[in-house]
Amino acid sequence: MKRSLLIIVALFVTLSAFSQNYNKAIGFRAGSVIGVSYKEFMTETEAAEAIFDIDFTGRRSTKVKASAYYLRHFDVNVDGLSLYAGPGASAGVFIEGLYQNNFVMSLDIMGGVEYKFNNIPVVLACDWTPKYQFITLAGFRSGNFGLTVRYTF
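Start counting the sequence shown at 27; every next residue gets the next number (this note's numbering).
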């Protein structure tokens, strides 16, 4: 027990804030949703991300939604690699299926890992976004897993 606690504390102590080597990025997101993503750093460690996607999963219905996140990045002592996490919100509408024309809103949390290539303007990200949906099908949703490829500028 003491050893596990010591390892966890050591991990969090070594996760230090750092400077990203890009300011803005736009790209394609796929996984349990398909969409586009735009990310912009506001400070060296804090970023805002906007996602517009189509969600084909869930209750035989399709929804279109927009999401926004405030993300904090953490260094993991590997060049180009970072962890990130932060809160967000989503809003959208079911466009077909059982809940067609119903509005949906949620409070979200995003957590993931990101790798920025050194020699090319590309960043890869993999994340998970659990959420609490409070309009139409209210309750906790295990969220989406996504892989995002972005062009950096």
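We treat Cβ as the ideally placed atom computed from N, Cα and C, and that holds for glycine.
- Around the beta carbon of S168, fewer than 16 other beta carbons lie within 10 angstroms, which makes this residue exposed.
- Between R98 and V148, the alpha-carbon positions lie close to 20 Å from each other.
- For the 9 Å CB-CB criterion, G53 and G172 do not form a contact.
- A direct Cα-to-Cα measurement between C152 and G114 gives close to 17 Å.
- In the structure shown, M131 adopts extended strand secondary structure according to DSSP, grouped into three states.
- In the DSSP assignment, Y64 falls within the unbroken beta strand (DSSP E) covering V59 to F67.
- By the criterion of at least three beta-carbon pairs nearer than 8 Å, the region 98-108 is not in contact with the region 123-130.
- For the pair E66 and F166, the Cα-to-Cα distance works out to about 28 Å.
- Non-local C-beta neighbours of G112 in its own chain, meaning closer than 7 Å and more than five positions away in sequence, comprise Y95, Y96, L97, R98 and M136, ordered along the chain.
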